[in-house]
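Read top to bottom, the protein sequences are chains A and B.
Per numbering that gives the first Met the number 0, residue 0 is the first one in the first sequence, and the count goes up by one each step.
Per numbering that gives the first Met the number 0, residue 0 is the first one in the second sequence, and the count goes up by one each step.
Here the structure is laid out as structure tokens; the discussion comes afterwards.
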Amino acid sequence: MYGEPTNPIPFVVASYALGAIGIFGYALWVYFHRKKLTEYLSVLKSNRR
Amino acid sequence: MQEGKDSMKQGGNLMLKLSILFIAIAIHWLLAWFWVPVDQMQGEVYKIIYLHVPSAFAAFWCAGVLFVVSILSLRNSQASRYVQLGKAATEVGLIFTILTLATGSIWGKPTWGTWWTWDARLTTTLLLSLLFVGWLLLHNSMDSGPSRNRSCAILGILIGADVPIIYKSVTFWRTLHQPQTILRPGGGTSTMDPDMLIVLVSGVVLMVVVAQFLILERRKNIELDAELTELSLNGGQ
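Written as structure tokens, this is what we have:
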């Protein structure tokens, strides 16, 4: 803080990029996983009939 | 045919809810970057607080959910359903804990001059992430049944007990991390600028809502997965 002045922008951008990857990435994985599971389930249930 | 339509409708509903949450988070981050004033001491870099603190509270919320479902699973015959919810809370909690540690580390470099130090707050938060990993390893390494449910419940209670230690660590041990920002030690009010405070508090509320939403949606996937496994094992009977 009292040494060489540091450009803060890369630190802020890196933090929010990580946040976006973590939160949005996990949410999208949940979405696509749900899609796959419901498709498999409907195929399995229709085969049963 | 009808089931296919239902699954498409379910997927569409989930995408709509996710879009609303994404937009809410994007608005909050835009407010944090462009609307709140710059800190007098730290300058722009303090804006990491609007992700760091909400992530920490979201991780605490997940640990709280795990704590409650762990107690309920010990006292209930429907323990498996609580363990499914516990698994979802642990996964989401791990993501938010990693995010808290990562953003704290990135914030530490320009302000403290180091990426990491064995400060009490940092160490207890690292412990929380390791406990979440341990819970998932324990859950995946045991066969489903009362023994796994009980072991996961005991570890879940221990994880919940770590949260007050993390929260109070800055007052128990005076190390490098700053004291609480929103609720000051000794019951004092925050010294933050009101514009900064309102965006920070709204960010905490929003991230807890996001965490709870992710827990519930992930739990639904775990239930579907279990149903699928059961149907496959029974040969579709």
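Virtual Cβ for every residue (Gly too), placed ideally from N, Cα, C.
Please read all numbers here as calculations on a predicted model, not as lab measurements.
Give me the chain A residues within the contact set of residue i, using Cβ-Cβ distance strictly less than 8 angstroms, ordered along the chain.
i: residue 217 of chain B; result: 29
i: residue 42 of chain B; result: 7
i: residue 94 of chain B; result: 21, 22 and 25
Taking residue i as the query, report the chain A residues whose CB atoms sit under 7 angstroms from its CB, ordered along the chain.
i: residue 220 of chain B; result: 29, 32, 33 and 36
i: residue 101 of chain B; result: 17
i: residue 46 of chain B; result: 11
i: residue 209 of chain B; result: 22
i: residue 114 of chain B; result: Residues of chain A passing the Cβ test: none, with the nearest at roughly 11 angstroms.
i: residue 230 of chain B; result: 43
For residue i, return the contacting residues in chain A, with the cut-off set at a CB-CB distance below 9 angstroms.
i: residue 108 of chain B; result: 5 and 10
i: residue 56 of chain B; result: In chain order: nothing, as chain A lies at least about 14 angstroms away.
i: residue 226 of chain B; result: 36 and 40
i: residue 131 of chain B; result: What residue 131 of chain B touches in chain A: nothing, since even the nearest Cβ is about 14 angstroms away.
i: residue 28 of chain B; result: 15, 18 and 19
i: residue 14 of chain B; result: 30
Between which two residues does the alpha helix (DSSP H) holding residue i run?
i: residue 44 of chain A; result: 8 to 47
i: residue 211 of chain B; result: 193 to 232
i: residue 178 of chain B; result: Element bounds for residue 178 of chain B: n/a, residue is neither H nor E.
i: residue 170 of chain B; result: 145 to 171
i: residue 133 of chain B; result: 119 to 140
Would you mind telling me which residues of chain B sit closer than 7 angstroms to residue i, beta carbon to beta carbon, in chain order?
i: residue 13 of chain A; result: 105
i: residue 16 of chain A; result: What residue 16 of chain A touches in chain B: nothing, since even the nearest Cβ is about 10 angstroms away.
Rounded to whole angstroms, what is the Cα-Cα separation between residue i and residue j?
i: residue 32 of chain A; j: residue 40 of chain B; result: 45 angstroms
i: residue 0 of chain A; j: residue 133 of chain B; result: Caution is warranted here: a pLDDT of 48 is assigned to residue 0 of chain A, below 50, making its placement in the model unreliable, and no coordinate value can be reported.
i: residue 5 of chain A; j: residue 176 of chain B; result: 20 angstroms
i: residue 34 of chain B; j: residue 29 of chain A; result: 32 angstroms
i: residue 207 of chain B; j: residue 129 of chain B; result: 21 angstroms
i: residue 82 of chain B; j: residue 68 of chain B; result: 7 angstroms
i: residue 51 of chain A; j: residue 26 of chain B; result: Shown here, chain A extends from 0 to 48; a query on residue 51 of chain A therefore has no answer.
i: residue 53 of chain B; j: residue 35 of chain A; result: 31 angstroms
i: residue 19 of chain B; j: residue 11 of chain B; result: 12 angstroms
i: residue 150 of chain B; j: residue 28 of chain B; result: 39 angstroms
i: residue 89 of chain B; j: residue 10 of chain A; result: 28 angstroms
i: residue 118 of chain B; j: residue 131 of chain B; result: 20 angstroms
i: residue 101 of chain B; j: residue 78 of chain B; result: 34 angstroms
i: residue 173 of chain B; j: residue 179 of chain B; result: 12 angstroms
Please confirm whether residue i and residue j have their CB atoms less than 8 angstroms apart.
i: residue 95 of chain B; j: residue 58 of chain B; result: yes
i: residue 226 of chain B; j: residue 27 of chain A; result: no
i: residue 217 of chain B; j: residue 23 of chain B; result: no
i: residue 13 of chain B; j: residue 198 of chain B; result: no
i: residue 202 of chain B; j: residue 49 of chain B; result: yes
Inset, instruction - Give, in chain order, every unbroken run of the alpha helix (DSSP H) that is at least 4 residues long and sits entirely within the stretch 15 to 84 of chain B. - result: DSSP runs (the alpha helix (DSSP H)) wholly in the stretch 15 to 84 of chain B: 48 to 73.
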